[in-house]
Structure formats: C-alpha cells, structure tokens
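K.L.:
Our numbering runs 23 ahead of the 1-based position in the sequence shown. Structure below; questions to follow.
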Amino acid sequence: MKSHTVTDKKAAMKKLLTTGIFGIICFCACEKTVEQVYTSPDNIYFDFDNPEEDYERIDSITYSFALYPEKGTDTVYLPVRITGMRKSADRKFRLTVIDSVTTAVAGVHYKAIEPEYIMPADSGKVKVPVILYSSDAALKERSVRIKFRLVSTEDFAVTNYAYDTAKVIFSNRLEQPTWWNVWAGELGAYSRVKHELFIRTSGTTELPAVPSGEVVPMALFFTRTFRSFLSDPFAWVAANPEKGYVLEPAGAGKYNFFSTTNPDLKYPLELNTADNKYYFRDEKGNRIV
C-alpha cells in the first residue's frame, strides 16, 4: 500500500514538471511574437486605385484643361497611405520634385509644393493637392509633367521604392477621338478648335464609339445641339445663360466667345459678308462649319 502511494506521488510530480516546462515554452514563444509585431518603422507610399484587372501598378494622373473649358486652374490629388500603426497625433511627410524628368515649371504650370504635408491624427491616408494652371499657351501644343518622390522624415520611412514616385501629366489640348469618325456625317471634318467648341456647347464630352440603336437618339441630340450652336451662336448664348458663356463685341463684325469663369480663353467669331453668317475659325485658319 505504501509503495503504491509513493508511485502515485512520483507520477504526479512528473506530470506537474512537464506541465510547467510546457507553460514556460509557450510564454517565451508568446513574448517573442509580441516583440516582432512592432519592430518595423511606419512607412509611407503612393496608393493609386486601379480599376483594371490584375492590379497593375498605376503611378500617374493624366489631365487636360481642354475637357474643362470653364477652368483656368484646377486641382488633382495624389493619394498617400501609410503602412504601420495609426497615431493619435498629426505626423509630417515630405515630397520632392524630380527635376531631371519634370518639364512643368513651378509658378507657371503649377503651384510650388509645400515644404511638408500632414498625415492627420488617427488617419492612414491623405490626398495631397497639386494645383495646375492652364495659362501657358504652349499647353495647347504639348503636355508637361511633374514627377514627385516621397522622402523620409522623422515620422515616416520610405522603403518601398516601387511605390515612392508619382507623375502628373497635363495639357490644354485635345486629340481626335475614335468616335469622331463614327459621327463625321453629323460633326464634319475634325479640328481641335471644333472639338473644344463641341465640348463647351453640346452637353457632353464624348459620343459612343459604336452607334447602336439605343444610343443613337441621345448622340443625335448632342450633335444637333452643337450644329445649332455653330449655326447661330447668339441664340445658343441667349438660351443657355446658366452655362456662363458670353459673346463680347471685338470690333466691326467681330465677337469673342468665352466662359466668364475663364475669360483668358477666347474664340473669335467673325461675320462673313458673302453669306451674312458668323463663323469660328480652327487652328489652321479655316472656317468651322
């Protein structure tokens, strides 16, 4: 009976010792895991949304003032996101312009960037405003670009070099869209000035590239609104005061057509005495019909 009791005690002690060792191992493993969670510094990167499949990297914004004729200046936004923990205080980050590949001029084409930007408290993402200007006449002939790079600060490291740059490419010009030829019977020959006037007066910036039965009525509404404008710009201006366009006298038989929100961009309108009609002229000097 005594021998049996001793054996039971030894078994119990062995079980207790095994359990204790196992507990120590688990505790050490947990401590090691906790130490690893917070060792990486907070990082910052450009995070452009990509609606296309396969999530191919996007690093640029393309913009044309020609699509927004009422604007002499506009703002695009660079999305910046953090990796790491959000903090309860504001933090600072910086951008720099990469001069070697930037063709836009600060103060002429865009507002110079700020020395620092703020990641707000309790936030993981912010949009950096880039203010663009359209006043340079050369933007009607060519695009310019600004390339930015994120740089490290005391608050954020920049270690993901695949996501540390972003580009803004912009102009004030249009290119002939594929849909123009589809509707050439309504629109006539293409010119850049005609395209600009179409955007300003038709009620749309584009037409369907495939003239299916369900889209034809709406497309014809837009093209004929435009043709009506070309036929009688004065009637169009009088009928659409909410659009903010005016025809300002510019001499005998001459007017300037422009938006009151962007008066620097004017389209000359001139009387042709041969048929007693007014015509705009395109970039080559041809009458727009």
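Every residue gets a Cβ at the ideal spot worked out from N, C-alpha and C, and that includes glycine.
1. Classify Ser194: buried if its beta carbon has 16 or more other beta carbons within 10 angstroms, exposed otherwise.
2. Between the segment 195 to 208 and the segment 147 to 167, can you find at least three pairs of beta-carbon atoms closer than 8 Å?
3. Which residue comes first and which comes last in the beta strand (DSSP E) that contains Phe179?
4. Using C-beta distances below 8 Å, list every residue in its chain close to Thr248, excluding the 5 sequence neighbours before and after it, in chain order.
5. Among Met142, Tyr91 and Glu137, whose alpha-carbon lies nearest the alpha-carbon of Arg104?
6. Nearest to Tyr100 by alpha carbon, out of Met108, Phe171 and Asp113?
7. How about Glu219 and Ala89: are their beta carbons less than 7 Å apart?
8. Between which residues of its own chain and Glu306 is the CB-CB distance below 7 Å, once the five residues before and five after are set aside?
9. In the DSSP assignment, find the unbroken beta strand (DSSP E) run with Pro256 in it and report its ends.
10. Do Asn295 and Tyr302 count as a contact pair if the criterion is CB distance below 7 Å?
11. Going by beta carbon distance, what residues of the same chain come within less than 8 Å of Lys94, once the five residues before and after it are set aside?
12. Can you tell me whether Asp178 is buried or exposed? The criterion is at least 16 other CB atoms within 10 Å of its CB, across all chains shown.
13. Near Val269, which residues of its chain fall below 7 Å by C-beta distance, leaving aside the five closest residues on each side in sequence?
14. Under a three-way DSSP split, which group does Asn204 fall into?
15. Can you list, in chain order, the residues of its chain with a C-beta nearer than 6 Å to that of His27? Leave out the 5 residues immediately preceding and following it.
16. Among Lys289, Ile154, Leu288 and Gly276, whose alpha-carbon lies nearest the alpha-carbon of Ala297?
17. DSSP three-state label for Glu76, please.
18. Can you tell me the Cα-Cα spacing of Phe69 and Pro272, whole angstroms?
19. Excluding the 5 residues flanking Thr96 on each side, which residues of the same chain have their C-beta closer than 6 Å to its C-beta?
20. If we count the other Cβ atoms within 10 Å of its Cβ and call it buried at 16 or more, is Pro325 buried or exposed?
21. What is the DSSP secondary structure of Ser282, counted as helix, strand or coil?
22. If you measure between the beta carbons of Val174 and Thr119, is that distance less than 7 Å?
23. Please look up how many angstroms separate the CB atoms of Asp145 and Ser111, rounded, as I've assumed it's under 8 Å.
24. From the DSSP secondary-structure annotation, give me the bridge partner or partners of Phe88.
P.N.:
The short version:
1. Taking the first residue of the sequence shown as position 1, residue 194 is located at position 171. It is buried - the Cβ of Ser194 has at least 16 other Cβ atoms within 10 Å.
2. yes
3. On the sequence shown, residue 179 is found 156 positions in, with the first residue counted as 1. Taken as a continuous stretch (DSSP letters only), Phe179 belongs to no beta strand (DSSP E), as it is neither H nor E.
4. For the purposes of this step, residue 248 is taken as the residue at position 225 of the sequence shown. For Thr248, where only same-chain residues beyond five positions count, the Cβ hits under 8 Å are Thr224, Ser225 and Gly226.
5. The residue given as residue 104 occupies position 81 in the sequence shown. Of Met142, Tyr91 and Glu137, the residue nearest in Cα terms is Met142.
6. Here residue 100 refers to the residue found at position 77 of the sequence shown. When only C-alpha atoms are compared, the closest one is Phe171.
7. If you number the sequence shown from 1, residue 219 lands on position 196. If you number the sequence shown from 1, residue 89 lands on position 66. It is a contact, given that the beta carbons lie within the stated cut-off.
8. Taking the first residue of the sequence shown as 1, we reach residue 306 at position 283. Excluding positions up to five away in sequence, the list reads Ser214, Arg215 and Val216.
9. Counting from one through the sequence shown, the residue named residue 256 turns up at place 233. First-last for Pro256: Pro256 to Ala262, but that is the alpha helix (DSSP H), not the beta strand (DSSP E).
10. Working through the sequence shown from its first residue, we reach residue 302 at position 279. Working through the sequence shown from its first residue, we reach residue 295 at position 272. Yes, the pair counts as a contact, with Cβ atoms nearer than the cut-off.
11. Counted from its first residue, the sequence shown places residue 94 at position 71. Correct list, in chain order: Phe88, Ser157, Thr284 and Asn285.
12. Taking the sequence shown and counting its residues from 1, the one referred to as residue 178 is at position 155. Asp178 should be labelled buried.
13. As a first step, residue 269 is located in the sequence shown; it is residue number 246 there, counting from the start. Within the same chain, Val269 has close Cβ partners Val260, Phe281 and Thr283.
14. Here the question's residue 204 lines up with position 181 in the sequence shown. Here Asn204 sits in helix by DSSP.
15. Here residue 27 refers to the residue found at position 4 of the sequence shown. Interpretation of His27 is limited by its pLDDT of 47, a score under 50 that renders its predicted location unreliable; the figure taken from the coordinates is listed afterwards. For His27, where only same-chain residues beyond five positions count, there are no Cβ hits under 6 Å.
16. The residue you call residue 297 lines up with position 274 of the sequence shown. Nearest option by C-alpha distance: Gly276.
17. On the sequence shown, residue 76 is found 53 positions in, with the first residue counted as 1. In this prediction, Glu76 scores a pLDDT of 48, lower than 50, which makes its location untrustworthy; the coordinate-derived value is nonetheless stated afterwards. If DSSP states are grouped into helix, strand and coil, Glu76 belongs with the helices.
18. Here residue 69 refers to the residue found at position 46 of the sequence shown. Here residue 272 refers to the residue found at position 249 of the sequence shown. In a straight line, the C-alpha of Phe69 is about 49 Å away from that of Pro272.
19. Within the sequence shown, numbered from 1, the residue matching residue 96 stands at position 73. Excluding positions up to five away in sequence, the list reads Tyr156.
20. In this structure the chain extends from 24 to 312, so residue 325 is not present and cannot be described.
21. By 1-based counting over the sequence shown, the position of residue 282 is 259. The answer is strand: DSSP assigns Ser282 an E or B state.
22. As a working mapping, residue 174 is identified with position 151 in the sequence shown. As a working mapping, residue 119 is identified with position 96 in the sequence shown. The answer is yes: Cβ separation under 7 Å.
23. Position 122 of the sequence shown, counted from the start, is the residue given in the question as residue 145. Position 88 of the sequence shown, counted from the start, is the residue given in the question as residue 111. Contact holds; Cβ gap of about 6 Å.
24. Along the sequence shown, one-based indexing puts residue 88 at 65. DSSP lists no partner for Phe88.
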